[in-house]
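Numbering (the working numbering), first residue to last: 59 to 326.
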């Protein structure tokens, strides 16, 4: 089989079989590089680089204590946090720009990724201290819909569950403002522009003294934050440790089993 096209004794290019061979060689070289990297990393399991792709809500409110505990355990690891919406952070893992992604259910069932549940959380309604909704004994969707709403952009933090709950009751709330992070939502609620709906983890009574939170898990249900890695990926030991810190009850054996199986989403 001819690999090259020739003009006399000169090589002019590749034949169709030659292009197929080149493609295979490129894949082999990538695998060789990967094997070299694994060898180097295996020799030094407590140092190296680690990139997490996540949303603002997770980075700002859910991860700080986990990251702090991780860095105390692995001080030689160089940690990077990349932020984006769920679609963007999933693509970062798919393209090997990040080792893992952390977001809500939206990163489940994505081709080439395996996602594991980390923890559950619920939304809260936030209002100024003198707001009428604070007098309600069992807050309803109808009561909330009577006010302009300030909440997350449609790509973030369980927004689909909020929309779905209103739709089921035939309600069309006036969404005055959409934002990608809770800090922006809280700012405009403090100004009295509307009622906010945010992730419960984003509300801190000590820090948010000009606001009050009302639990609305009975209206919007619970959400599950998930961690996603590339299917079949090689993960360094400290990445397993990070996932274990993030997810109570998770261990390396379960993580490896998930990564190497064909399922793309796991539940607790």
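The beta carbon of each residue, even a glycine, is placed where N, CA and C say it ideally should be.
Where residue i sits in the DSSP three-state scheme
i           : result
residue 162 : coil
residue 167 : coil
residue 342 : Nothing in the structure corresponds to residue 342, since the chain is present only between 59 and 326.
residue 216 : coil
residue 126 : helix
residue 112 : strand
Residue range of the unbroken beta strand (DSSP E) whose run includes residue i
i           : result
residue 275 : Unbroken run through residue 275 is the alpha helix (DSSP H), 275-278; no beta strand (DSSP E).
7 Å Cβ shell around residue i - same chain, five flanking residues per side excluded
i           : result
residue 261 : 182, 184 and 271
residue 164 : 144
residue 303 : 124, 127 and 128
Identified DSSP bridge partners for residue i
i           : result
residue 209 : 236
residue 107 : 136
residue 271 : 184
residue 63  : 71
residue 318 : In the DSSP output, where bridge partners are listed per residue, residue 318 has none listed.
residue 281 : 179
residue 141 : 112
Length of the line joining the Cα atoms of residue i and residue j
i           : j           : result
residue 67  : residue 152 : 44 Å
residue 264 : residue 250 : 20 Å
residue 208 : residue 245 : 10 Å
residue 147 : residue 111 : 5 Å
residue 167 : residue 124 : 25 Å
residue 115 : residue 75  : 50 Å
residue 283 : residue 204 : 30 Å
residue 169 : residue 281 : 21 Å
residue 315 : residue 309 : 10 Å
residue 259 : residue 242 : 15 Å
residue 135 : residue 294 : 11 Å
residue 175 : residue 131 : 23 Å
residue 290 : residue 172 : 9 Å
residue 296 : residue 140 : 18 Å
residue 288 : residue 80  : 26 Å
residue 65  : residue 90  : 34 Å
residue 108 : residue 154 : 11 Å
residue 121 : residue 77  : 46 Å
Other residues of its chain near residue i: CB distance less than 6 Å, five sequence neighbours each side excluded
i           : result
residue 63  : 70, 71 and 73
residue 300 : 128
residue 217 : 210
residue 326 : Only weak support is given to the placement of residue 326: the predicted model assigns it a pLDDT of 47, under 50, and the question is left unresolved by the model.
residue 232 : 206
Any non-hydrogen atom of the ligand MG within 7 Å of residue i CB
i          : result
residue 69 : In terms of ligand content, the structure shown is empty, and the ligand MG therefore cannot be addressed.
Extent of the continuous alpha helix (DSSP H) run through residue i
i           : result
residue 152 : 144-152
residue 203 : 199-203
Chain-order list of residues whose beta-carbon lies under 8 Å from that of residue i (same chain, five-residue window excluded)
i           : result
residue 201 : 191 and 194
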